[in-house]
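In what follows, a single structure is set out as structure tokens and then discussed.
4 protein chains.
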Amino acid sequence: MSVKSKNLSPGKGEQTRALILTAALELFAVKGYHGASIDEIARKSGISKGLAYHYFQNKKGLLRAIVDHGFAKLDDLMASALTITDPLQQIIVILERTLTATKKDEHFWRLYFGLVLQGDVWAEFGAMFNEMFQQYSLHFEHLFEQIGAADPRAEAHILGALLDGIGLHLLIRGDAYPLEQVKNRLIVYYSQMADAKQRKT
Amino acid sequence: MSVKSKNLSPGKGEQTRALILTAALELFAVKGYHGASIDEIARKSGISKGLAYHYFQNKKGLLRAIVDHGFAKLDDLMASALTITDPLQQIIVILERTLTATKKDEHFWRLYFGLVLQGDVWAEFGAMFNEMFQQYSLHFEHLFEQIGAADPRAEAHILGALLDGIGLHLLIRGDAYPLEQVKNRLIVYYSQMADAKQRKT
Amino acid sequence: MSVKSKNLSPGKGEQTRALILTAALELFAVKGYHGASIDEIARKSGISKGLAYHYFQNKKGLLRAIVDHGFAKLDDLMASALTITDPLQQIIVILERTLTATKKDEHFWRLYFGLVLQGDVWAEFGAMFNEMFQQYSLHFEHLFEQIGAADPRAEAHILGALLDGIGLHLLIRGDAYPLEQVKNRLIVYYSQMADAKQRKT
Amino acid sequence: MSVKSKNLSPGKGEQTRALILTAALELFAVKGYHGASIDEIARKSGISKGLAYHYFQNKKGLLRAIVDHGFAKLDDLMASALTITDPLQQIIVILERTLTATKKDEHFWRLYFGLVLQGDVWAEFGAMFNEMFQQYSLHFEHLFEQIGAADPRAEAHILGALLDGIGLHLLIRGDAYPLEQVKNRLIVYYSQMADAKQRKT
DNA sequence: TATGAATGAGCCTTCATTCAT
DNA sequence: CATGAATGAAGGCTCATTCAT
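Protein chains in written order, with numbering that gives the first Met the number 0: chain B, 0 to 200; chain X, 0 to 200; chain U, 0 to 200; chain E, 0 to 200.
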């Protein structure tokens, strides 16, 4: 019975941890890492300040947990896209899913854009991040090669810039942003690129 | 006489003011608004903490001065581009000058990207910023209309996203970023768009 | 049956209690009472923080247990020395055993020297300690009377100062301290004092 | 005039600094380094907590200033004693002045005894302290050589132990300690030692 | 016995801001 | 114009202690 009673509140600890993470993510996103205080995070989580330090070593540690989780999700997203064999379809799917993710995980991406240029705080994530960045870039390049783009490398960087740029504007403008219109236009663009190749062949 | 003596060292005050602004810009850019302290800014400027409050009302006031100045420069850049009559040429020039400016005023753009999503600090600049943003967007749209783009509005947003996206990556990767390659590819893209129209006419 | 099972692992509780005491003693000794935390003590003992409060009421209670035990050992040492009838021999034995104890119970004596002057923490032990102190002093005085010292009271205080002074230096310098040399010199000194009397008689 | 008005409160800063040092010394002495809080020190100094950090970098920095000053005073004391040519007289003077200093700078010596064994805090002073310690020890040894002691090295360590031991007891017992009696007895002891040599010669 | 989640007070430190000079 | 002493609030973090399990 005692075993059962333990299972009655399964992962109480995990729940609390998640609570803190969620509150921290939002506050970090809106006010920035330095602008958000542990006190505020604790208050928003409905816990005491001290408990936050039971679950995370540091304010930095909290950030690390958030960033790690966010990047893991991004990696999953990309990994799942890799299973698509047609290069054009893969590009379109990446475009769609990435931008959908931006809207869904708004807080995380707000945090990401707010920190990525901040040498101060980002330092320790820089390495991991750059690796991912470059890996995606190479993969994009390969996709554009398959499609028959004139300059696959440039095209890969352009796609990267578009994803970040549109994501940024999406966060700034919210629902006022004409996402569908923009996405459709890009799909047309990439489709034409793929078409041109097929005609050549 | 007092007037003359003031003119003898023209703008000593202005010089000090500029010194503070420069130091503040760099520190705000690298460590974020909340991460940089007035003390540090004063030290970097070679002045006393108190003097900073002689030239600026506030930490916020300092930021305001920096942002105002940065936006004025951006406005100048755009205004000068407007004098170009050929739409394609204007697009190309905007592309080039904006990205060149990003490299030259790196600190300002680092600050911009770091704050633009931060409701906390950015609040008071949001209005002015959004106005500029929208105004440029409309102007871009007009340019693409002239060029004969299929969806001028989407194309305008795409250009905006590209400018911000490439700018962001430029700041992240520094000289490792293949700016010329990317720029050339975009120029080709926009030239073809313009060509298509001319052929139609 | 429950009694038997308790006796099967004799003093499991006692063992744990001792474990905690040992860890606490070392940490209190090295980092001071205020500098060592219950958390650290529990970790060093290999038990949970909560369990420490099962065995000891308090952080203060932990210290009390340590000090009580240490003083009891010192009392045993002195009591066993009292059985020696010849005063000179007793002085020599006290000298030797006390300094040997200092080396053996290094942690306790480190703690003792660290707290004895600290009104804050030592307050509650002061009474007991002063009583012992004075009692020993009187006993020393009596010994020096028997030996025929010129000023037994002064000589008693000198012996006390030597024991604490040498003990302190022993803890500071460790094995680098020339303990044997110093001890021998003192034995010579006290032997001469005793000799002088006998010649008189 | 403005120059004069500046001189009206000469060294106001120094005064405040000294105020803080005095308060800190007393609190560190009585409650130990870890037991005394900056808040308490500031309150006792009649200043704000923040100001303490204007004058000292750290809590450690405060301690460093105190210890440096205390050791400098001790060094002065010893240096002035060195000018005495007769070795016996020098020993007697060192004995007297050291113990007088202990009573006068009670707080510092309380602090010293409280920290000297605390690896945690004392670490950074250990080197400087050990150097002084050893230097004095060698000097004492030399003095006892001149006096013709049988074992100068042991005698030097004994003197050192006596100074620390008596100092410690002086701090513990206060005015109840029979300092004069003890001192006189030691003077007799060292005088006899010197006499013995002269008779030999 | 034993655990570790949870709390709240307190600690060291930083910081924006003011003010006398 | 210029300095830097001074303040008070707040921030990150630690810690002794309690309690449900």
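Beta carbons: idealized from backbone N, C-alpha and C, even for Gly.
Item	Value
Output the distance between the C-alpha atoms of residue 45 of chain B and residue 36 of chain U, rounded to the nearest integer angstrom.	27 Å
Just confirm the distance between the C-beta atoms of residue 111 of chain B and residue 69 of chain B, as a whole number of angstroms; I'd bet it's less than 8 Å.	7 Å
Residues of chain E with CB closer than 9 Å to the CB of residue 157 of chain U, please, in chain order.	161, 164, 165, 181, 184, 185 and 188
Could you tell me which chain B residues have their CB closer than 7 Å to the CB of residue 196 of chain X, listed as they occur along the chain?	Residues of chain B passing the Cβ test: none, with the nearest at roughly 16 Å.
Using the beta-carbon of each residue, which ones in chain U are nearer than 7 Å to residue 118 of chain E?	29
Assuming contact is defined by CB atoms lying nearer than 7 Å, are residue 153 of chain E and residue 92 of chain U in contact in what I supplied?	no
Using the beta-carbon of each residue, which ones in chain U are nearer than 9 Å to residue 168 of chain E?	132, 156, 159, 160 and 163
Locate the alpha helix (DSSP H) running through residue 115 of chain U, then write down its first and last residues.	Taken as a continuous stretch (DSSP letters only), residue 115 of chain U belongs to no alpha helix (DSSP H), as it is neither H nor E.
Whole angstroms is fine: what's the gap from residue 129 of chain X's alpha carbon to residue 19 of chain X's?	27 Å
Give the range of the alpha helix (DSSP H) segment to which residue 91 of chain X is assigned.	86 to 103
For residue 88 of chain E, which of E:61, E:198 and E:192 has the nearest alpha-carbon?	E:192
Should residue 106 of chain E be flagged as near chain U, meaning a C-beta pair shorter than 7 Å?	no
For residue 176 of chain U, collect the residues of the same chain with a Cβ closer than 7 Å to its Cβ; drop the 5 residues on either side in sequence, then sort them by chain order.	168 and 169
With distances taken from CA atoms, which of B:117, B:119, B:157 and B:195 is nearest residue 147 of chain B?	B:195
Report yes if the C-beta distance between residue 113 of chain U and residue 116 of chain E is below 7 Å; otherwise report no.	yes
According to DSSP, simplified to helix, strand and coil, what is residue 33 of chain X?	coil
Return helix, strand or coil for residue 57 of chain E, following the three-state DSSP convention.	coil
Taking only heavy atoms of the ligand GTP into account, decide whether any of them is closer than 6 Å to the Cβ of residue 115 of chain E.	Among the components modelled here there is no ligand, and therefore nothing to report on the ligand GTP.
Would residue 112 of chain B pass as an interface residue toward chain X - the criterion being a Cβ-Cβ separation below 7 Å?	yes
Give a yes or no on whether 7 Å exceeds the smallest Cβ distance from residue 150 of chain X to chain B.	yes
Does the CB of residue 33 of chain U have a neighbour CB from chain E at under 7 Å?	yes
Going along the chain, which residues of its own chain have a beta-carbon closer than 7 Å to the beta-carbon of residue 163 of chain B, five neighbours each way excluded?	none
Could you work out which residues of chain U lie near residue 177 of chain E, taking near to mean beta carbons separated by less than 8 Å?	152, 153 and 156
Pull up the distance between the alpha-carbon of residue 52 of chain B and that of residue 106 of chain U, whole angstroms please.	32 Å
Following the continuous alpha helix (DSSP H) through residue 166 of chain E, name the residue where it begins and the one where it ends.	151 to 172
Comparing alpha-carbon positions, which option in X:155, X:174 and X:171 lies nearest residue 165 of chain B?	X:155
Within its chain, find whatever has a CB closer than 6 Å to the CB of residue 29 of chain X; leave out the 5 residues flanking it on each side and keep chain order.	none
Find the residues of chain U that neighbour residue 115 of chain E, judging by a C-beta separation of less than 7 Å, and give them in chain order.	171
With residue 175 of chain X as the anchor, note down where its alpha helix (DSSP H) starts and where it stops.	Residue 175 of chain X -> no alpha helix (DSSP H), and no H or E assigned at all.
Please report whether the beta-carbon of residue 109 of chain E lies at a distance below 7 Å from any beta-carbon of chain U.	yes
By alpha-carbon positions, which one of X:161, X:159, X:12 and X:145 ends up nearest to residue 84 of chain X?	X:145
Could you have a look at residue 12 of chain U and say whether DSSP puts it in helix, strand or coil?	helix
Out of curiosity, what's the CA-to-CA distance linking residue 109 of chain E and residue 43 of chain E?	19 Å
Let me know if residue 198 of chain E comes out buried or exposed under the rule of 16 or more other beta-carbons within 10 Å of its beta-carbon.	exposed
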